[in-house]
Every structure is written in C-alpha cells, then in structure tokens.
C-alpha cells in the first residue's frame, strides 16, 4: 500500500496545479491588455509554478519509495530468526570443483592444520568431490564423502580444506561455524550500514558495509524477493584467519529451498608468512529431502534434556575413494580447457613417477625429510587395529607462552587413543615441559579407560612431578611476619613433588558426577639440610596418602547420544563442585595428616553468538592439621607451564606471585570475564582488523596476609597470538603491572 502511493503522487500534485492555474487566470486576466512585457512575466510565473510542483512531487515520491524499501529490509532482518528455524532437516548431494594456483610456498606451510600438500615445481591444481550432506537443526552437518578426484598429492586429505565456506546459514547470527557476524540477522544490524542500490519488477538490490574494521565483519551485496521477502542471492567479502575471500551464494527458488543455498562460488587468497596462493571453487547442492520444523513429527523423548533427535549424526568419511568415473558422471559444471589440460599433465606425471619409484631414495634423504616434517608439522598415525598416535611438532609456537608470574615456558604433548566397536576407549597422554625462567623440568603421564560410555564411567591414573613448594612450617613463619611479606627475604626450603592420582568417575544421574580416588604425594627437600624450623627438623621426605571424593553437579544439562556415548551440550545453570580429601598416616610411609575442602561454582552466560560473560567463585580450607603438610589446593593452584585462556572461565591470576599459592591454609577467590568481538579497539581504524575478540578481566582473592588482592586486565585475541595487560592491587593500593602472551596459531 505504501509502495502504490508513490506511483500516484504525481496525479495528486497535478490536481493541485489545476487549482493554482484557475486562480492565476482569474487574478491576472487584466494583464492581457498590458502589453508584451506582462505576457512574458505571465509565462515565466506559469513555468516556475509548474517546475516547483514537479520537484515537490518527485521529492515526496522518492521519500515514500525509500521508506517502503526500508520497511522491506526491516522485515527481512526481523524474520531472520524465523527463517533460520524453518528447515528442521534435509538430505542433499553436494558437488565441489576447485582450482588452486600457487604464487609462493615454503616449508612453513606444513604448520597449517589440514593444509593440502603440493608437488615440487607444480603451480596449478584441480580437485573434485562428491558428498552426501545432511543437516539437522541446530547447525549440525553430517557429511559423507562419496568420491574424490584431482591432481593434488594425497587427494583424500584435501576434501576437508574449505568445507566451512559451503555450509553457510545466512540467517544465523554467524555465517561460518561460530564466526563472521551475519548481516542478515537483526541482532547484528548495529554493526552494518545498508544502502538501497536498485529495484526491478521482482527484486530489490542492496549493498552493505561494516561500521567498524574487524575480522568478524563482512561487506557485500544481496537481493531480496519483493513478494516473499527472502534473500535470493548474496555476495560476501571478508578476511578470516589468513584467507581473504569473496563468496557468492545463490538460494533455492521453490518451496523450503528458498531458505537454503543451492550454489556457491568462492574466490580466495591465502597469505601466510611468505606463502601465497589463490583459489576458485564452484559448488552445487541438490536437495533430495527437506523437512519443515512445523510439519515434522516430534519424537517422544525419554528425557526432556535429551536432544538426540537434533544431533543425530552418522559421520563416515573413511569409505570414500578416488574414482574419476564416478566424479565425472555427477559433474555439475563442465571442465574448462585449462582444467582438462591439468588432468592430462597429471596423468603424465603419474606415469613418470611410477618409473622413478623403482629407484629407492637414499636413507639419509628419507630420514632428514621425516625429521624436518616432525619439526614443524603435527604427526598423526591412525591404524584401525592398533589405535591413533598423535604428537605436536617439535617447533610449535602454540605451546610457548610468557606471563609476569610464570616467565617463559614451553611444553610438548603426545597422545595415543584406541576405540573399540562398543565405543569404549583407552587413552595415554604424556606431557613434557620446561620453564626457562625458573629452570624447572616437568613431566606427566595421564591414562584413562572409559569402560561404560553411557554413564561416562572411566578409570584415570596420572603420575608426574608438580611445582616445587614448601611445607606448613613455613606458613607458620609467614603468619609471624608483618603484613608486607617479601618472599625473597624469607628462608624458604623448597621440596620436589612426585605425585600419583588414581580416580574413578561416574555419572549418577544427568549432570551429577561422582569421582572417588586416591592422591599420593612424596615430597623431598631439594637441598639436604639440618636446618630446624620451629621445633621440628626437616624430614627426608613428606608423604601423604589421601582418599578423595569429588561431586560435580550441573542442573538442567542438555545432551545427545552419539552411538552409545552421552555427549553433554550446555546448561542454563551454573556448575557446582565439592572436593574433599583426607591424608591418613601410615599407608605407603605416609607421615602427613590433614583434610582439604574446596567448593567452586562457575557459569558461562552466552549473550549472543560471539559475546559471553563468565564468572567463577570458589574457596578452600585445610583442616585437621595434626602434622606437617603442604598447602596444595586442587582448584587454586599455579602452573609454570602454558595453559591457554580458553578454559571454562578464560582467566586466572596472571600477576600473583606463585609462592602465594602455598602460603595460606584457606582462601576465597572470584573471577569475572567479559568476552566480545567489538569493544574499545574495534572503533579505531587501521589496526583492529585482525582482532577476533576483546576481553575484560576482573579477579579478586581473599587469604591471610593478602586481603584483598585484585587484578584488572584487558586483552585481545587474534589468530596468531593472545596478549593481555594486567594491573594488580593489594588492599586497594597499586602493586604492579604486567602482561601475558600466548601463541594461538591455528589453535582455534
């Protein structure tokens, strides 16, 4: 109705014009006897009145037209959440064809996870895949690769490279997985500016651009169907990680397919520490079955927190094969002359490589080739009957970090896993680490056997050496000191710590876990001494033998079943935990008696797709202190090895001296973290594009001789590294400033 007004606006104003002309003729009729000069004035006034009316009519019509198409855009954005949920399931066939051209490549390319491999001296490649792609709301994709063919070495590895760009949900808050804010969702409108470009009989064309420079935002254009008010085509341009992309999406034309993509075209440029390549991919998707959320029958659930009907996946990528005939028979787009030539040259190279394979490579060449790969690339060996072995590369910046309190540290991880046909698994995970600042070597061997996946029942054993610490006699000495404690001036006798844990974990009911186990510590003095602290000589060893019970409870925990394994998803409520252990004198030479109690509550509130607020409160106390003991808490502890910020809360005390963790027999602490992609720095141009997220930290600690201790911090996360700046205060007085730095290269 609004739109029809602007088509008739000229009729209204020309009616007004006729009225003005009658008045004009009546008032100036006498001018016909006054000569030529007055006739010219009469014609001039008539033309002026006519032109003014025409301009005014056009202005009002344009205003109504703009208002009408702003209304159409508003309705599209408002309906995005509804469009996003219309399709409950679908089954489809997906064909992809991609071309890659190399400009420059070096050995650092091996550090990129899932990166395709290349032949020496070959610059151009082609690859094709046939897939069965099924979808279950919300955003669960089940892809079975049917066949692959192409000119890449180890072609089977290439099929997962860029699939995220071909599973775009345009009406979701984020376009690709959990990143890139969609311009078609009302929640993200505040980040984009929209412009009406042109109008046709059936489409309206818009363009958009981000208000801020950030890697989570895109620019581009799209067209809306004027009748159905849904997106028909969209073009998205942006840069994420090390890929600059231009992605065109064509949506379906009939039925529920109008809310789903049927064709993708992707151009990308990949630039990474001296490596540069570009690619062009075409993708066609044919839907065999689409199920509406409104018409699909709902399955009766045994438990209302069971979301298996939404997460039912049967991913199987192990059965696909190299098959040129099968790919050719389902090819949606014909091969160009250049692509045909690439296949011909590849066939010639394969024939020549068969002849070269007769000549074995020298042992030294094989050794140095494997050694060089182990230095910079993940190593993974998967044998169905034996299991999977995985280790991180020797030169791996991800496992290196620096912080004010821990200094410089590095670690190396290994993992062995085997899963049987009943979904039971055994895992062995050694870890080695070294702290360069404190010149301490750490090691740990963790093993777990999950024997009953339905109840997450598993046995865990871990042995290793912990951070050096000092005993409770030192705590007594600290209590006698003044409020201002200088650890460097205290005589601290440090002890090596060898420990062993044995635990059994079991889910009693949904969200309620019971862990029972045994903790053994054997601590020995670093330096043999006869020094007496208080009334007691330092013993040759301090051994504790402590049974342990831990209860974790998350109310309202949603989950789904993957085969016979229960996979937890989320809960709208916090997680509560209670941890208790008591050391018994006697068994295995134990000479320590104490009890440890700890309570913790943590919660993560997801405000929207990329913003979250995390908080944690907890406390602990040592009781029944009948003998010398070590104040090592389970929840409140300090590690000299890298542990990233992406844990449940995303933050710890970054500036607190590590010696404080063993300096009290009780504590209360709290952490608050706000994580969002667009805060202060995102409003500045030129330096903010690589920033994935900005974080604000607030931490507080109450313990004897340190009441209260607080930290305030600000940090940014990028694809390459995380960095944060922190300021600490003791009793509301400034203490110090410092930073934490960790590499996150492809770790997300």
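In the numbering used here, the protein residues as written are 17 to 764. Beta carbons: idealized from backbone N, C-alpha and C, even for Gly.
Whole angstroms are fine: how far does the CA of residue j sit from the CA of residue i?
{"i": "residue 159", "j": "residue 165", "result": "17 Å"}
{"i": "residue 391", "j": "residue 758", "result": "In this prediction, residue 391 scores a pLDDT of 49, lower than 50, which makes its location untrustworthy; no coordinate-derived value is stated."}
{"i": "residue 440", "j": "residue 581", "result": "9 Å"}
{"i": "residue 207", "j": "residue 225", "result": "9 Å"}
{"i": "residue 185", "j": "residue 98", "result": "13 Å"}
{"i": "residue 105", "j": "residue 151", "result": "5 Å"}
{"i": "residue 235", "j": "residue 299", "result": "21 Å"}
{"i": "residue 212", "j": "residue 245", "result": "15 Å"}
{"i": "residue 422", "j": "residue 637", "result": "25 Å"}
{"i": "residue 694", "j": "residue 230", "result": "8 Å"}
{"i": "residue 29", "j": "residue 85", "result": "With a pLDDT of only 43 at residue 29, under the threshold of 50, the placement of this residue in the model should not be trusted; the figure read from the coordinates follows. Computed Cα separation, rounded: 23 Å."}
{"i": "residue 192", "j": "residue 625", "result": "11 Å"}
{"i": "residue 668", "j": "residue 450", "result": "21 Å"}
{"i": "residue 744", "j": "residue 608", "result": "35 Å"}
{"i": "residue 641", "j": "residue 324", "result": "49 Å"}
{"i": "residue 405", "j": "residue 469", "result": "21 Å"}
{"i": "residue 543", "j": "residue 532", "result": "35 Å"}
{"i": "residue 478", "j": "residue 466", "result": "15 Å"}
{"i": "residue 434", "j": "residue 521", "result": "19 Å"}
{"i": "residue 444", "j": "residue 403", "result": "11 Å"}
{"i": "residue 652", "j": "residue 285", "result": "46 Å"}
{"i": "residue 163", "j": "residue 419", "result": "48 Å"}
{"i": "residue 205", "j": "residue 93", "result": "8 Å"}
{"i": "residue 591", "j": "residue 526", "result": "13 Å"}
{"i": "residue 697", "j": "residue 103", "result": "38 Å"}
{"i": "residue 100", "j": "residue 512", "result": "57 Å"}
Kindly indicate which three-state DSSP category residue i falls into: helix, strand or coil?
{"i": "residue 158", "result": "strand"}
{"i": "residue 367", "result": "helix"}
{"i": "residue 359", "result": "helix"}
{"i": "residue 37", "result": "Confidence is the limiting factor: at residue 37 the pLDDT is only 45, short of 50, which leaves the residue's position unreliable, though a coordinate-based value still follows. Residue 37 falls in the helix class under three-state DSSP."}
{"i": "residue 469", "result": "helix"}
{"i": "residue 486", "result": "coil"}
{"i": "residue 617", "result": "strand"}
{"i": "residue 85", "result": "helix"}
{"i": "residue 442", "result": "strand"}
{"i": "residue 201", "result": "coil"}
{"i": "residue 678", "result": "helix"}
{"i": "residue 589", "result": "coil"}
{"i": "residue 123", "result": "helix"}
{"i": "residue 322", "result": "strand"}
{"i": "residue 181", "result": "helix"}
{"i": "residue 109", "result": "strand"}
{"i": "residue 118", "result": "strand"}
Please name the residue or residues paired with residue i in a DSSP beta bridge.
{"i": "residue 267", "result": "277"}
{"i": "residue 642", "result": "DSSP, once it has assigned bridges, lists no residue as partnering residue 642."}
{"i": "residue 594", "result": "567, 615"}
{"i": "residue 220", "result": "215, 240"}
{"i": "residue 529", "result": "523, 568"}
{"i": "residue 234", "result": "Paired residue(s): none; residue 234 is not in a bridge."}
{"i": "residue 578", "result": "581"}
{"i": "residue 137", "result": "Note: residue 137 sits in no beta bridge, so no partner."}
{"i": "residue 632", "result": "618, 687"}
{"i": "residue 541", "result": "511"}
{"i": "residue 226", "result": "208"}
Taking residue i as part of the alpha helix (DSSP H), name the residues at either end of that continuous run.
{"i": "residue 102", "result": "96 to 102"}
{"i": "residue 419", "result": "Counting along the chain, residue 419 falls outside any alpha helix (DSSP H), though it belongs to the beta strand (DSSP E) covering 416 to 419."}
{"i": "residue 755", "result": "Unbroken run through residue 755 is the beta strand (DSSP E), 749 to 759; no alpha helix (DSSP H)."}
{"i": "residue 606", "result": "From DSSP, residue 606 is part of no alpha helix (DSSP H); its letter is neither H nor E."}
{"i": "residue 343", "result": "340 to 345"}
Can you give me the start and stop residues for the beta strand (DSSP E) that residue i sits inside?
{"i": "residue 712", "result": "709 to 719"}
{"i": "residue 300", "result": "291 to 308"}
{"i": "residue 428", "result": "423 to 435"}
{"i": "residue 563", "result": "558 to 569"}
{"i": "residue 744", "result": "737 to 746"}
{"i": "residue 252", "result": "247 to 256"}
Decide if the segment 111 to 122 is in contact with the segment 213 to 220; the criterion is three or more beta carbon pairs, one per stretch, under 8 Å apart. no
Are the segment 672 to 685 and the segment 640 to 649 in contact at 8 Å, needing three or more beta carbon pairs? yes
Between the segment 623 to 635 and the segment 682 to 694, are three or more C-beta pairs nearer than 8 Å? yes
Do the segment 717 to 727 and the segment 257 to 265 make contact, defined as three or more Cβ pairs closer than 8 Å? The segment 717 to 727, when compared against the segment 257 to 265, does not touch it at the 8 Å Cβ threshold.
Does the pairing of the segment 264 to 277 with the segment 183 to 197 give three or more beta-carbon distances under 8 Å? yes
When the Cβ atoms of the segment 605 to 618 are set against those of the segment 355 to 366, are three or more pairs found closer than 8 Å? no
Mind the definition here: the segment 596 to 603 touches the segment 568 to 579 only if three or more C-beta pairs lie below 8 Å; say whether that holds. no
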